[in-house]
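*Asks:* Sending over a structure as structure tokens; questions will come in a sec.
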Amino acid sequence: MAQTQQGIYIGRQITINGTNVNYWYGIPYAEQPIGNLRWMPPRILATSNGTKEAYIPNACLQEFDFGIQRTEACLTLNVYAPENATNLPVFVWRHGGVTVTINYRQGLFGFLADEELYGERSGMDNRKTTGNYGILDQIVALDWIKKNIAGFGGNPKQITVGGESGGGISITILLTSSLVSKGTFQRAIVQSGSMWPHIMDTLQEAINNTGNALRSITNCITVQCLRNLTGDQILTAQHIIASKRFMGIPAVPVIDGYVVDDILENYYARGNFQKVPILIGSTANETTSNTYRMFGDKVNSTQVEEFLKTLYNAIIIDEIPTIYGPISAFHNPFTYLNIIYTDAWVHCGARRIATRFSNYGLPTYLYTYNHLVSAAPSWAGVTHGVELPMLFPTILSYYYRNYTFTTSDQQLSSSMMLYWAHFSYNSNPNYNGNSANWNTYLASTDSDFVVQIKPHMRNHYYYPTCSRLLGQPQMMVVSDLEEIFVPLLEAFLCSPHDSRGVINSLLDQIPQTFANSQETETILALVIQAGIQALKEANCSGKIYVFSTTMPIAMAPGKLSNREDKKALGTEKEKTLLSPVNNIYTKLGEVCAQNGCVVDLFVFPNNYYDLATIGEVCRISGGEIYKFNYFSIENDRERLLDELKRNFQRTTAFDALMRVRTSTGIGPIDFLGNFYMTNATEMIFGTIDSDKSVSVELKHEDKLPDDGNTYTQVALLYTSISGQRRLRIITLALTVTSSYITLYPACDLDTIMNYITKV
Numbered sequence: 001m002a003q004t005q006q007g008i009y010i011g012r013q014i015t016i017n018g019t020n021v022n023y024w025y026g027i028p029y030a031e032q033p034i035g036n037l038r039w040m041p042p043r044i045l046a047t048s049n050g051t052k053e054a055y056i057p058n059a060c061l062q063e064f065d066f067g068i069q070r071t072e073a074c075l076t077l078n079v080y081a082p083e084n085a086t087n088l089p090v091f092v093w094r095h096g097g098v099t100v101t102i103n104y105r106q107g108l109f110g111f112l113a114d115e116e117l118y119g120e121r122s123g124m125d126n127r128k129t130t131g132n133y134g135i136l137d138q139i140v141a142l143d144w145i146k147k148n149i150a151g152f153g154g155n156p157k158q159i160t161v162g163g164e165s166g167g168g169i170s171i172t173i174l175l176t177s178s179l180v181s182k183g184t185f186q187r188a189i190v191q192s193g194s195m196w197p198h199i200m201d202t203l204q205e206a207i208n209n210t211g212n213a214l215r216s217i218t219n220c221i222t223v224q225c226l227r228n229l230t231g232d233q234i235l236t237a238q239h240i241i242a243s244k245r246f247m248g249i250p251a252v253p254v255i256d257g258y259v260v261d262d263i264l265e266n267y268y269a270r271g272n273f274q275k276v277p278i279l280i281g282s283t284a285n286e287t288t289s290n291t292y293r294m295f296g297d298k299v300n301s302t303q304v305e306e307f308l309k310t311l312y313n314a315i316i317i318d319e320i321p322t323i324y325g326p327i328s329a330f331h332n333p334f335t336y337l338n339i340i341y342t343d344a345w346v347h348c349g350a351r352r353i354a355t356r357f358s359n360y361g362l363p364t365y366l367y368t369y370n371h372l373v374s375a376a377p378s379w380a381g382v383t384h385g386v387e388l389p390m391l392f393p394t395i396l397s398y399y400y401r402n403y404t405f406t407t408s409d410q411q412l413s414s415s416m417m418l419y420w421a422h423f424s425y426n427s428n429p430n431y432n433g434n435s436a437n438w439n440t441y442l443a444s445t446d447s448d449f450v451v452q453i454k455p456h457m458r459n460h461y462y463y464p465t466c467s468r469l470l471g472q473p474q475m476m477v478v479s480d481l482e483e484i485f486v487p488l489l490e491a492f493l494c495s496p497h498d499s500r501g502v503i504n505s506l507l508d509q510i511p512q513t514f515a516n517s518q519e520t521e522t523i524l525a526l527v528i529q530a531g532i533q534a535l536k537e538a539n540c541s542g543k544i545y546v547f548s549t550t551m552p553i554a555m556a557p558g559k560l561s562n563r564e565d566k567k568a569l570g571t572e573k574e575k576t577l578l579s580p581v582n583n584i585y586t587k588l589g590e591v592c593a594q595n596g597c598v599v600d601l602f603v604f605p606n607n608y609y610d611l612a613t614i615g616e617v618c619r620i621s622g623g624e625i626y627k628f629n630y631f632s633i634e635n636d637r638e639r640l641l642d643e644l645k646r647n648f649q650r651t652t653a654f655d656a657l658m659r660v661r662t663s664t665g666i667g668p669i670d671f672l673g674n675f676y677m678t679n680a681t682e683m684i685f686g687t688i689d690s691d692k693s694v695s696v697e698l699k700h701e702d703k704l705p706d707d708g709n710t711y712t713q714v715a716l717l718y719t720s721i722s723g724q725r726r727l728r729i730i731t732l733a734l735t736v737t738s739s740y741i742t743l744y745p746a747c748d749l750d751t752i753m754n755y756i757t758k759v
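For the sequence shown, the residue numbers in UniProt numbering are 1 to 759.
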């Protein structure tokens, strides 16, 4: 039972993972907005007594059906609290410790603006207002929570407000509205809610887009007529209005001069916002679902150009090719559009808000959610809203039907809930045992926290693209799943000659970027996998250069550990250290070879480095390993430059296949070198160059012709650097003899010595 100013509410109890949780559903926090209270600010409930049951949830009237009763009489909230809760922190969640979820009016019911309604002067102090009824609902709900949450075991002085999408936008408004008293809440979480200025109308725009539109569709000329409409009639009209509006959103918050006086950017620029700790962020590929809804997964250049005009003015549009590169550089304009759209719609806004809060010295935490579940469509990536099942696993079925959380999903979900819960508890998301430390946001470093299987702080020069048209390298986000989603695949590859200036800029920035980094855990297999994926998408073969100083020990595919054992030296066990510990890098090498690419590895270890395992990717793909122990710029600079110069400049062919054939009497039985074999006679090379050598051991299998020749033929099929497919064949005729006197003059002593040296 919970005591409130409106009497006692009796809830129910469920057990979740062995913990008893009390819950109350459908508690009213204001008079219900029906009849003549439709499109009126919410009215505060009078104090009352009595005992009421609260276990039947409802939802505000809307087009979506989640299996819960939908009604206009929906100004209610739900409370969840551990059994015997006392003075616990409170988390107040609004849809898209003690947790409170609130219902508020949506769509035309919550954001209809009408000139006649504006003239009713229904706001406090007889002020005019229209259009922001859904925001006013939330303000009244927060006031109710502040006054009553102690009865449920919550602390009214420890309230965190949070929301996603439309709920996140609401938080950015509540942070600035003069109607929200200081101290109403102590922290804020904004998920994918930094969409302004795109998501707000001026008063006149709102009146034209909603009030006048609804009157036209329903043939109503008075507010009373509108209030007499049924909820279904309004929903039907709302569907028509939404079909004609940007992104299909029927109504948005309004700059009404009451709840909102100005565009939100101006509030934050002036510092007119609640000075509370904030956690803010978005998903990596926010807009793919919206783009797909409008255009499908294929969009042409003309559609992109027209759509960008809805986001930016002509001056900025002219600069887009300089910032992002030309659209012609992208295989699919869908990718190009979503990179720009996501930045404009969410990413840039989140950074602006984070910068404002950080500049005031407030605890500020910025994140990018970057976990891709296998059930997601290939075009979607990490799109809008996909983080919600991780925070609230019970809603998983609404997002991905017939999908079961993997072990990795469960681990990420647990970590994410802990980060959010600890922020709600003490304004810091970090907790004992977290796998990565989440640093506060500073505009000077512009680092965010990447929420994924292996979370980490990220500077914005990871996975750079270096198009010659860019002023500086551009960040790419690569999910750490085996089936990676790589945005910007088309711009991932560039000409070293054309893009030399940008590449030099990247190399200059790397030491500065990581000068103060304390992170020592690295990944390797997924980095190589991303390179393979980029080459595949570009439909070309090539070489992947990997520079590594430490062994990959981060919790991700390809993770290795120190196998060094001094006690094994000189024993049979020592031989096992020369064999791969697993087949991850072996299989990666096979994938490389099959896709016409090779890995050259430059390692600079100061400690143990498991080359027996990692080196497999080089051996099988046809690559090389360059090892610099205890690298010193004074001692090793020239050697490194010489090795790189030779590697880059030597004649190289790609996607090569070599076959060895012999005449009767002899046959190949063993092959030595770096390559991948698909059968007993064919060798595959990602690349083959003028320094590469292969040794083939031949065995005398049958009678050879006396005083005749035996023949060995080597055929090499390859692609030149200019893209031409070529075939080179070498046939050796070797004299058969049984006399040593005849044998020695025919020997190539240099070849014999080179072979012995290689072996």
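By construction, the Cβ of each residue, glycine as well, lies at the ideal position given by its N, Cα and C atoms. Source: prediction; values computed, not measured.
1) Taking all protein chains shown into account, decide if aspartate 409 is buried (16 or more other Cβ within 10 angstroms of its Cβ) or exposed.
2) Measuring only the C-alpha atoms, how far is glutamate 643 from leucine 601?
3) Tell me whether valine 166 sits in a helix, a strand or coil according to DSSP, three-state version.
4) For the beta strand (DSSP E) containing valine 603, list its first residue and its last residue.
5) Pick out whichever of Ser663, Ser690, Gly686 and Ile684 has its Cα sitting closest to the Cα of lysine 703.
6) Who are the Cβ neighbours of serine 720 in its own chain at under 7 angstroms, not counting the five residues just before and after it?
7) I want to see whether chain B comes within less than 8 angstroms of glutamate 83, judged by CB atoms only; does it?
8) If you run the structure through DSSP and keep just helix, strand and coil, what is tyrosine 9?
9) Taking the Cβ atom as the reference point for each residue, do leucine 214 and leucine 203 lie within a distance shorter than 8 angstroms?
10) Just verifying my parser: in three-state terms, what is the DSSP assignment at proline 321?
11) Lysine 543: buried (16+ other C-beta within 10 angstroms of its C-beta) or exposed?
12) From residue 767 to lysine 454, what distance separates their C-alpha atoms?
13) Mapping the DSSP letters down to three states, classify methionine 658 as helix, strand or coil.
14) Give me the Cα-Cα distance between valine 714 and isoleucine 688, rounded to the nearest whole angstrom.
15) Taking just the CA atoms, how far does asparagine 437 sit from phenylalanine 449?
16) So which of Tyr608, Gly18 and Gln594 has the shortest CA-CA distance to threonine 549?
17) Taking all protein chains shown into account, decide if isoleucine 14 is buried (16 or more other Cβ within 10 angstroms of its Cβ) or exposed.
18) For alanine 344, list the residues DSSP reports as bridge partners.
19) Ignore the nearest five residues each way along the sequence and tell me which others in methionine 200's own chain have a CB closer than 8 angstroms to its CB.
20) Looking only at its chain, what residues have a beta carbon closer than 6 angstroms to the beta carbon of tryptophan 93, apart from the 5 residues adjacent to it on each side?
21) Excluding sequence positions up to five away, which residues of its chain have a Cβ less than 6 angstroms from the Cβ of glutamate 574?
22) Rounding to the nearest angstrom, what Cα-Cα distance links leucine 179 and aspartate 114 in this structure?
23) Would DSSP call tyrosine 360 helix, strand or coil?
24) Just the Cα atoms here: how many angstroms apart are glutamate 482 and asparagine 332?
25) Spatial neighbours of isoleucine 8 within its chain, please: CB distance less than 6 angstroms, with the 5 preceding and 5 following residues excluded, ordered by chain position.
26) Just tell me which of His700, Gly686 and Leu672 has its CA closest to the CA of serine 693.
27) Going by Cα to Cα distance, which pick from Asn272, Asn132 and Thr129 is closest to lysine 182?
28) With DSSP run on the structure shown, which of helix, strand or coil describes cysteine 618?
29) Straight-line CA distance for leucine 136 to proline 41?
30) Contact between the stretch 54 to 64 and the stretch 17 to 32 is defined here as three or more beta-carbon pairs at a separation below 8 angstroms; is this criterion met?
31) With lysine 52 as the anchor, note down where its alpha helix (DSSP H) starts and where it stops.
32) Is it buried or exposed for valine 486, if we count other Cβ within 10 angstroms and need 16 for buried?
33) Mapping DSSP to helix, strand and coil, what is phenylalanine 109?
34) Can you find at least 3 beta carbon pairs, one from the stretch 142 to 157 and one from the stretch 80 to 94, that sit closer than 8 angstroms?
35) From isoleucine 278 to tyrosine 419, what distance separates their C-alpha atoms?
36) Please give me, in chain order, every unbroken run of the beta strand (DSSP E) with length at least 3 that falls completely inside the stretch 121 to 204.
*Replies:* With the structure as the only source:
1) By the neighbour-count rule (16 or more Cβ atoms within 10 Å), aspartate 409 is buried.
2) Spanning the alpha carbons of glutamate 643 and leucine 601 requires a straight line of approximately 12 angstroms.
3) One detail in the question is off: residue 166 reads as glycine in this sequence, not valine. Secondary structure of glycine 166 (DSSP, three-state): helix.
4) Segment 597 to 603, the beta strand (DSSP E) holding valine 603.
5) Minimum Cα distance to lysine 703 is reached at Ser663.
6) Same-chain partners within the cutoff: Ala653 and Arg726.
7) Any reference to chain B falls outside this structure, which holds one protein chain only.
8) Judged by DSSP in its simplified three-state form, tyrosine 9 adopts strand.
9) No.
10) In the three-state scheme derived from DSSP, where H, G and I count as helix and E and B as strand, proline 321 is classed as helix.
11) A residue is called buried once 16 or more other Cβ atoms fall within 10 Å of its Cβ, and lysine 543 is buried on that count.
12) The structure shown has nothing for residue 767, since the chain only spans 1 to 759.
13) Secondary structure of methionine 658 (DSSP, three-state): strand.
14) C-alpha separation (whole angstroms): 14 angstroms.
15) So the alpha carbons of these two residues sit roughly 9 angstroms apart.
16) Of the candidates Tyr608, Gly18 and Gln594, the residue whose Cα lies closest to the Cα of threonine 549 is Tyr608.
17) Isoleucine 14 should be labelled exposed.
18) Alanine 344 pairs with nothing; no bridge assigned.
19) Closer than 8 angstroms at the Cβ level, and outside the excluded window around methionine 200, lie Val252, Pro253, Val254, Ile255, Val260, Ile263 and Leu264.
20) Within the same chain, tryptophan 93 has close Cβ partners Thr101 and Gly162.
21) For glutamate 574, where only same-chain residues beyond five positions count, the Cβ hits under 6 angstroms are Ala568.
22) Taking the CA atoms as reference points, leucine 179 sits about 21 angstroms from aspartate 114.
23) DSSP places tyrosine 360 in coil when its eight states are reduced to three.
24) Residue confidence for glutamate 482 is low, a pLDDT of 41 falling below 50, so the modelled location carries little weight and cannot support an answer.
25) Cβ neighbours of isoleucine 8 beyond the five flanking positions: Met1 and Thr51.
26) Of His700, Gly686 and Leu672, the residue nearest in Cα terms is Leu672.
27) When C-alpha distances from lysine 182 are compared across Asn272, Asn132 and Thr129, the shortest belongs to Asn272.
28) The DSSP-derived three-state label of cysteine 618 is helix.
29) When the Cα atoms are used, leucine 136 and proline 41 turn out to be separated by approximately 6 angstroms.
30) Contact holds: three or more Cβ-Cβ distances are below 8 angstroms.
31) Element bounds for lysine 52: not the alpha helix (DSSP H) but the beta strand (DSSP E), 51 to 53.
32) Because the pLDDT of valine 486 is 49, which lies under 50, any placement of that residue in the model is unreliable, and the number read from its coordinates should be weighed accordingly. Buried, by the Cβ-count rule.
33) In the structure shown, phenylalanine 109 sits in a helix (DSSP, three-state: H, G or I).
34) Flag = yes, the stretch 142 to 157 and the stretch 80 to 94 touch.
35) For isoleucine 278 and tyrosine 419, the distance between alpha carbons rounds to 13 angstroms.
36) You should have 154 to 164 and 187 to 191.
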